[in-house]
Amino acid sequence: MNRIKSILLFFMMMFLPLNIFADEAKKSGSELNISEIVLEHLSDAYEWHITSYNGKSLSIPLPIILRSSETGHWTFCTAETLPANYFFNENMHGKIYEKLKDGSVVRPLDLSITKAVCQIWIVAFILIAVFLSCAHWYKKRDCTSEAPGGFVGMMEMLVMSIYDDVIKACVGKEYRKYAPYLLTVFFFIFTTNLMGLIPIFPGGANVTGNINITFFLALCTMLLVNVFGNKEYWKDIFWPKVPLFLKFYPVPLIPVIELVGVFTKPFALMVRLFANMLAGHAIILSFTCVIFLGWTLGPGLGAGLNIFSLFMLLFMNLLELLVAFVQAYVFTLLSAVFIGLAHQEEAE
4 MNRIKSILLF
14 FMMMFLPLNI
24 FADEAKKSGS
34 ELNISEIVLE
44 HLSDAYEWHI
54 TSYNGKSLSI
64 PLPIILRSSE
74 TGHWTFCTAE
84 TLPANYFFNE
94 NMHGKIYEKL
104 KDGSVVRPLD
114 LSITKAVCQI
124 WIVAFILIAV
134 FLSCAHWYKK
144 RDCTSEAPGG
154 FVGMMEMLVM
164 SIYDDVIKAC
174 VGKEYRKYAP
184 YLLTVFFFIF
194 TTNLMGLIPI
204 FPGGANVTGN
214 INITFFLALC
224 TMLLVNVFGN
234 KEYWKDIFWP
244 KVPLFLKFYP
254 VPLIPVIELV
264 GVFTKPFALM
274 VRLFANMLAG
284 HAIILSFTCV
294 IFLGWTLGPG
304 LGAGLNIFSL
314 FMLLFMNLLE
324 LLVAFVQAYV
334 FTLLSAVFIG
344 LAHQEEAE
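For the sequence shown, the numbering used here assigns the number 4 to the initial residue and increments by one for each residue that follows.
Here it is as structure tokens:
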């Protein structure tokens, strides 16, 4: 019973800001723009928004680092102290643009520490702390006589399941060479997915729902596959074992298809992770906004809508916990499969 009371108290505290937000919107007469709220939370930002109350925004300022396209001078500031020659272009997802003296508008070199970058750093620190603590446990104990338990045992089970069932099984003989990269990719994606489900700081950033992040991860896999692929891999692309007329007449059909596959495989990795995580975050935010809408309708009309939205929101959050693991697993599995195909042995 005490556990049930604690869970109910947790969700009451979690959704209390929704009631405050709805009351403020109702008093000010402003309409709830669900699409604008969802897109704002899914996009990257130059500050970490915590909450809003009485028309004031509580945010953590993040460092903005810009290099002027006109003068070449560097600018270090925050969103509140942005110089007059720079401005946030809302038509370009809130990115910073520079207005030159001749009236033209250009995009300066932007090396700012945005919300997504800050979230990546937080994830990196978490992973370093987790694995150093696990390494410390193994260093102080005899692993052959004592099996780890608790959190260390869970981490060992997770690492060994990915190592044995995915990396070793899919890559082949040279699996040890690629195990560090594939394990890093798995835990990075898994941790960022989990952090994205936390609605408050230091979580909530849509990292794996950012196409730039998934593009970089897919690019790393593409480079590993094609740079370290053996001669049999390239032979199957440019000289596949098919009849000659399929190779040359009327066009080199099969080699062209295989060459296109070099780029479509990492593209599929990029889009699959991006689309699934973006869709999950968008659905959760949409149901959250429906709760906002229910509060504005009043306690009578909005009660049924709020209860339905609350149950759907809880269901989607639990589903996203599963998706967070599945997407990390699928990305690692497909990367291992592509790397294994690039190290195939010559058929006898």
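We put the CB at the ideal spot given by N, CA and C, even for glycine.
By how many angstroms is the C-alpha of residue j removed from the C-alpha of residue i?
| i | j | result |
| --- | --- | --- |
| SER107 | ASN88 | 11 Å |
| ARG110 | CYS137 | 45 Å |
| VAL174 | PHE341 | 8 Å |
| ASP239 | ALA182 | 25 Å |
| ILE194 | HIS284 | For clarity, residue 194 is Thr in the given sequence; the question names Ile instead. Spanning the two alpha carbons is a distance of roughly 15 Å. |
| PHE90 | CYS292 | 29 Å |
| LEU21 | LEU45 | Its pLDDT being 48, under 50, LEU21 is placed unreliably by the model, and the measurement read from it follows with that caveat. Each residue's alpha carbon lies about 18 Å from the other. |
| TYR332 | PHE189 | 6 Å |
| ALA28 | LEU296 | In this predicted model, ALA28 has a pLDDT of only 46, less than 50, meaning its place in the structure is not dependable; the value taken from the coordinates is given anyway. Using only the alpha carbons, I get a separation of about 10 Å. |
| LEU114 | SER312 | 39 Å |
| LYS244 | VAL265 | 18 Å |
| GLU159 | LEU322 | 24 Å |
| PHE24 | PHE270 | Here the model assigns PHE24 a pLDDT of 45, short of 50, so the residue's position is not dependable, and the following value carries that caveat. The alpha-carbon atoms of PHE24 and PHE270 are separated by roughly 40 Å. |
| PRO255 | PHE241 | 9 Å |
| PRO86 | GLU93 | 17 Å |
| TYR141 | LEU135 | 10 Å |
| MET280 | ASN196 | 8 Å |
| ALA345 | VAL126 | 31 Å |
| ILE129 | MET198 | 10 Å |
| THR74 | LYS98 | 20 Å |
| LYS268 | ALA278 | 15 Å |
| ASN233 | VAL259 | 19 Å |
| PHE154 | LYS59 | 41 Å |
| GLY152 | LEU308 | 44 Å |
| ASN320 | ALA282 | 12 Å |
| PHE218 | MET95 | 19 Å |
| GLY212 | PRO246 | 43 Å |
| ILE310 | THR54 | 23 Å |
| GLU101 | TYR49 | 16 Å |
| LEU325 | ASP105 | 53 Å |
| ALA172 | GLN347 | 13 Å |
| LEU222 | ILE116 | 22 Å |
| GLU149 | THR187 | 26 Å |
| LYS180 | VAL162 | 16 Å |
| ILE131 | ILE257 | 45 Å |
| TYR236 | ILE214 | 29 Å |
| PHE360 | ARG275 | This structure cannot speak to residue 360, because the chain is shown only from 4 to 351. |
| LEU316 | VAL210 | 20 Å |
| LYS143 | MET157 | 18 Å |
| TRP124 | ILE192 | 13 Å |
| VAL169 | GLU177 | 13 Å |
| ILE286 | LEU220 | 24 Å |
| ILE294 | GLY343 | 48 Å |
| HIS139 | PHE314 | 42 Å |
| PHE290 | PHE231 | 46 Å |
Going by the beta-carbon positions, is the gap between residue i and residue j smaller than 8 Å?
| i | j | result |
| --- | --- | --- |
| SER62 | HIS76 | no |
| GLN330 | ALA208 | no |
| VAL133 | LEU288 | no |
| ALA327 | LEU185 | no |
| LEU272 | LEU337 | yes |
| GLU83 | PRO64 | yes |
| ALA119 | ASP47 | yes |
With a cut-off of 8 Å on the beta carbons, I'd call residue i and residue j a contact; round off their distance for me.
| i | j | result |
| --- | --- | --- |
| LEU69 | LEU112 | 7 Å |
| SER71 | THR78 | 7 Å |
| THR335 | ILE165 | 6 Å |
Can you tell me whether residue i sits near the ligand HEM, meaning its C-beta is under 7 Å from at least one heavy atom of the ligand?
| i | result |
| --- | --- |
| GLY212 | Looking at this structure, you won't find the ligand HEM or any other ligand, since it has none at all. |
Legend entry - Three CB pairs or more closer than 8 Å across the stretch 225–232 and the stretch 197–207: Flag = no, the stretch 225–232 and the stretch 197–207 do not touch.
Inset, instruction - Can you check the stretch 148–197 for any beta strand (DSSP E) of at least 3 residues that lies completely inside it and give the ranges in chain order? - result: none
Legend entry - 4 or more residues per run - each alpha helix (DSSP H) lying fully within the stretch 225–290: Listed in chain order, they are 234–241 and 247–251.
Inset, instruction - Any chance you could list the alpha helix (DSSP H) runs of at least 4 consecutive residues sitting entirely within the stretch 62–150, in chain order? - result: 118–143
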